[in-house]
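There are 2 protein chains.
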Amino acid sequence: MFQAGPTGEWRIETITAVRGPSLPQAAMLTVADGLLQLTNGAVWALRGHTSNLRYTTRTELTALDQRQASLGRDDARCAALIPIRKSAAWWELAQDERRAIMVEQSQHIAIGLDYIPAIARRLFHCRDLGEPFDFLTWFEFAPEHTAQFDALLVRLRETREWHYVEHEVEIRLTRAN
Amino acid sequence: MFQAGPTGEWRIETITAVRGPSLPQAAMLTVADGLLQLTNGAVWALRGHTSNLRYTTRTELTALDQRQASLGRDDARCAALIPIRKSAAWWELAQDERRAIMVEQSQHIAIGLDYIPAIARRLFHCRDLGEPFDFLTWFEFAPEHTAQFDALLVRLRETREWHYVEHEVEIRLTRAN
Numbered sequence: 083m084f085q086a087g088p089t090g091e092w093r094i095e096t097i098t099a100v101r102g103p104s105l106p107q108a109a110m111l112t113v114a115d116g117l118l119q120l121t122n123g124a125v126w127a128l129r130g131h132t133s134n135l136r137y138t139t140r141t142e143l144t145a146l147d148q149r150q151a152s153l154g155r156d157d158a159r160c161a162a163l164i165p166i167r168k169s170a171a172w173w174e175l176a177q178d179e180r181r182a183i184m185v186e187q188s189q190h191i192a193i194g195l196d197y198i199p200a201i202a203r204r205l206f207h208c209r210d211l212g213e214p215f216d217f218l219t220w221f222e223f224a225p226e227h228t229a230q231f232d233a234l235l236v237r238l239r240e241t242r243e244w245h246y247v248e249h250e251v252e253i254r255l256t257r258a259n
Numbered sequence: 083m084f085q086a087g088p089t090g091e092w093r094i095e096t097i098t099a100v101r102g103p104s105l106p107q108a109a110m111l112t113v114a115d116g117l118l119q120l121t122n123g124a125v126w127a128l129r130g131h132t133s134n135l136r137y138t139t140r141t142e143l144t145a146l147d148q149r150q151a152s153l154g155r156d157d158a159r160c161a162a163l164i165p166i167r168k169s170a171a172w173w174e175l176a177q178d179e180r181r182a183i184m185v186e187q188s189q190h191i192a193i194g195l196d197y198i199p200a201i202a203r204r205l206f207h208c209r210d211l212g213e214p215f216d217f218l219t220w221f222e223f224a225p226e227h228t229a230q231f232d233a234l235l236v237r238l239r240e241t242r243e244w245h246y247v248e249h250e251v252e253i254r255l256t257r258a259n
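Here the protein sequences come in this chain order: W and D.
Take 83 as the starting number for the first sequence in my numbering and just add one per residue.
Take 83 as the starting number for the second sequence in my numbering and just add one per residue.
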């Protein structure tokens with residue numbers, strides 16, 4: 083769970099509404115496994131869970147696994163949390179239609195591969211938890227890779243897949259200690 | 083949600099452990115949308131939610147939609163609730179590997195098509211809710227189609243997909259009124 087409030091191990095630098103409404107401003111973010119009890123002074127909290135892969139083939143997974151970076155690296159002092167919700171039209175598509183848009187037309191996996199291992203990433207699902215977003219993606223990277231991360235976001239947001247994103251917030255953070 | 087206990091619109095005829103432990107015996111079953119508060123005397127309850135399609139292609143969906151039967155038909159006085167959990171090995175497979183086993187090798191969609199519109203079906207997901215099962219499938223059919231339903235179960239349980247089912251309970255029901 084991600085909880086924003088007066089305390090936390092990550093300092094919130096900016097909260098930007100990319101599409102749709104923003105989230106309330108807060109000073110710090112706590113990242114915790116499982117369903118943490120909300121602490122006093124919490125401004126907002128977003129829950130999600132890691133789950134099985136929904137689109138990735140074995141070939142793609144092997145390519146990702148060979149290069150994937152892990153979270154929690156010492157030099158990864160920058161992070162981003164990007165909650166998104168996709169439209170009803172997206173969720174009504176059949177599996178092959180979603181994969182064709184996401185993987186083949188939008189090159190979502192290939193674009194991601196261009197930025198690992200510099201950018202470490204973890205996807206959390208929340209559509210089925212009654213949360214306001216469908217996905218939360220958490221990224222960690224070293225300060226010198228900030229421009230690469232910015233480029234990754236620009237490329238993804240130009241894709242056809244992103245036409246289906248109806249709510250997106252971008253939260254940029256730095257490690258507090 | 084499905085709640086078993088002393089009251090409900092469906093009479094529980096049998097509860098059978100197909101693989102792994104059974105569920106406690108109970109007299110009646112209540113089927114309710116959303117997250118019902120447990121009523122007094124509830125023996126067990128299983129939660130799930132309908133979700134987007136995870137494997138079905140547009141072509142398969144069109145074939146299903148053309149023949150699909152709706153729940154709640156007057157003559158559908160028999161029902162079955164089949165909770166299943168698949169193994170960790172299943173969930174660690176990539177998307178294309180799961181689809182290959184389920185759709186191509188096991189013919190899960192094709193087998194299902196053979197029994198609609200006689201057998202109406204709805205799938206609920208619960209893996210991401212911290213429930214003891216991954217899926218709950220609810221079936222409704224007229225008494226004269228019971229043998230067809232039995233045959234459907236036999237065929238599915240003979241598939242390679244079912245090698246990955248590590249817990250399955252079969253609950254047979256009849257409408258109480």
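Note that the Cβ used here is the ideal one computed from N, Cα and C, for glycine as well.
All values reported here derive from a predicted model rather than from experimental measurement.
Measuring only between beta-carbons, confirm whether residue i sits less than 8 Å from chain D.
{"i": "arginine 257 (chain W)", "result": "no"}
{"i": "glutamine 187 (chain W)", "result": "no"}
{"i": "tyrosine 137 (chain W)", "result": "yes"}
{"i": "aspartate 210 (chain W)", "result": "yes"}
Report the residue from the options whose alpha carbon sits nearest the alpha carbon of residue i.
{"i": "threonine 96 (chain W)", "options": "W:Met110, W:Arg167, W:Leu218, W:Thr219", "result": "W:Met110"}
{"i": "aspartate 115 (chain D)", "options": "D:His131, D:Trp244, D:Thr89, D:Val100", "result": "D:His131"}
{"i": "glutamine 192 (chain D)", "options": "D:Cys208, D:Thr138, D:His249", "result": "The sequence shown places alanine at residue 192 (chain D), not glutamine. If we check each option's Cα against that of alanine 192 (chain D), D:Thr138 comes out closest."}
{"i": "leucine 153 (chain W)", "options": "W:Trp172, W:Glu179, W:Thr144, W:Ile198", "result": "W:Ile198"}
{"i": "arginine 129 (chain W)", "options": "D:Glu186, D:Val113, D:Asp210, D:Ile253", "result": "D:Asp210"}
{"i": "alanine 99 (chain W)", "options": "W:His245, W:Arg180, W:Gln119, W:Ile166", "result": "W:Ile166"}
{"i": "glycine 194 (chain D)", "options": "D:Ser169, D:Ala158, D:Ala145, D:Ala224", "result": "D:Ala145"}
{"i": "methionine 184 (chain W)", "options": "W:Ala124, W:Arg203, W:Thr89, W:Arg239", "result": "W:Arg239"}
{"i": "cysteine 208 (chain W)", "options": "W:Pro225, W:Lys168, W:Ala158", "result": "W:Lys168"}
{"i": "leucine 143 (chain D)", "options": "W:Gln119, W:Glu179, W:Leu143", "result": "W:Glu179"}
{"i": "alanine 233 (chain W)", "options": "W:Ile201, W:Trp92, W:Ala151", "result": "W:Ile201"}
{"i": "proline 214 (chain D)", "options": "D:Leu235, D:Tyr246, D:Glu250, D:Pro225", "result": "D:Glu250"}
{"i": "aspartate 147 (chain D)", "options": "D:Arg203, D:Leu175, D:Asp156, D:Asp216", "result": "D:Arg203"}
{"i": "isoleucine 164 (chain D)", "options": "D:Pro225, D:Phe206, D:Leu175", "result": "D:Phe206"}
{"i": "glutamine 189 (chain D)", "options": "D:Arg149, D:Gly212, D:Trp244", "result": "D:Trp244"}
{"i": "aspartate 216 (chain W)", "options": "W:Val113, W:Tyr246, W:Gly123, W:Gln119", "result": "W:Tyr246"}
{"i": "tryptophan 220 (chain W)", "options": "W:Gly123, W:Gly212, W:Phe231", "result": "W:Phe231"}
{"i": "glutamine 150 (chain D)", "options": "D:Asp196, D:Leu175, D:Trp173, D:Ser133", "result": "D:Asp196"}
{"i": "glutamate 174 (chain D)", "options": "W:Thr112, W:Leu235, W:Ser133, W:Gly123", "result": "W:Ser133"}
Could you please give me the residues that DSSP links to residue i through a beta bridge?
{"i": "glycine 87 (chain D)", "result": "D:Met110"}
{"i": "isoleucine 94 (chain D)", "result": "D:Leu255"}
{"i": "alanine 99 (chain D)", "result": "D:Val251"}
{"i": "phenylalanine 215 (chain D)", "result": "The partner list for phenylalanine 215 (chain D) (beta bridge, DSSP) is empty, contrary to what the question assumes."}
{"i": "leucine 163 (chain D)", "result": "D:Trp220, D:Ile253"}
{"i": "histidine 131 (chain W)", "result": "W:His207"}
In terms of residues, what are the limits of the beta strand (DSSP E) holding residue i?
{"i": "leucine 143 (chain D)", "result": "Leucine 143 (chain D) -> not in any beta strand (DSSP E); alpha helix (DSSP H) instead, spanning 140 to 149."}
{"i": "alanine 202 (chain D)", "result": "202 to 207"}
{"i": "leucine 128 (chain D)", "result": "126 to 128"}
Contact check, residue i vs residue j under 8 Å by CB: the rounded distance?
{"i": "threonine 228 (chain W)", "j": "cysteine 160 (chain W)", "result": "6 Å"}
{"i": "glutamate 248 (chain W)", "j": "arginine 101 (chain W)", "result": "6 Å"}
{"i": "glycine 87 (chain W)", "j": "threonine 141 (chain W)", "result": "Not a contact, Cβ separation roughly 42 Å."}
{"i": "isoleucine 253 (chain W)", "j": "alanine 171 (chain W)", "result": "Wrong, their Cβ atoms sit about 26 Å apart, outside the cutoff."}
{"i": "leucine 135 (chain W)", "j": "glutamine 187 (chain D)", "result": "Not confirmed; about 19 Å, so no contact."}
{"i": "phenylalanine 84 (chain W)", "j": "leucine 218 (chain W)", "result": "7 Å"}
{"i": "proline 106 (chain D)", "j": "tryptophan 126 (chain D)", "result": "6 Å"}
{"i": "arginine 237 (chain D)", "j": "tryptophan 92 (chain D)", "result": "So it is not a contact: roughly 25 Å between Cβ atoms."}
{"i": "aspartate 157 (chain W)", "j": "alanine 224 (chain W)", "result": "4 Å"}
Determine, for residue i, whether the minimum Cβ-Cβ distance to residues of chain W falls below 8 Å.
{"i": "tryptophan 173 (chain D)", "result": "yes"}
{"i": "alanine 145 (chain D)", "result": "no"}
{"i": "glutamine 177 (chain D)", "result": "yes"}
{"i": "serine 133 (chain D)", "result": "yes"}
{"i": "histidine 207 (chain D)", "result": "yes"}
{"i": "arginine 140 (chain D)", "result": "yes"}
Please list the terminal residues of the continuous alpha helix (DSSP H) segment that includes residue i.
{"i": "glutamate 174 (chain D)", "result": "170 to 174"}
{"i": "alanine 233 (chain D)", "result": "228 to 239"}
{"i": "glycine 194 (chain D)", "result": "190 to 195"}
{"i": "aspartate 178 (chain W)", "result": "177 to 181"}
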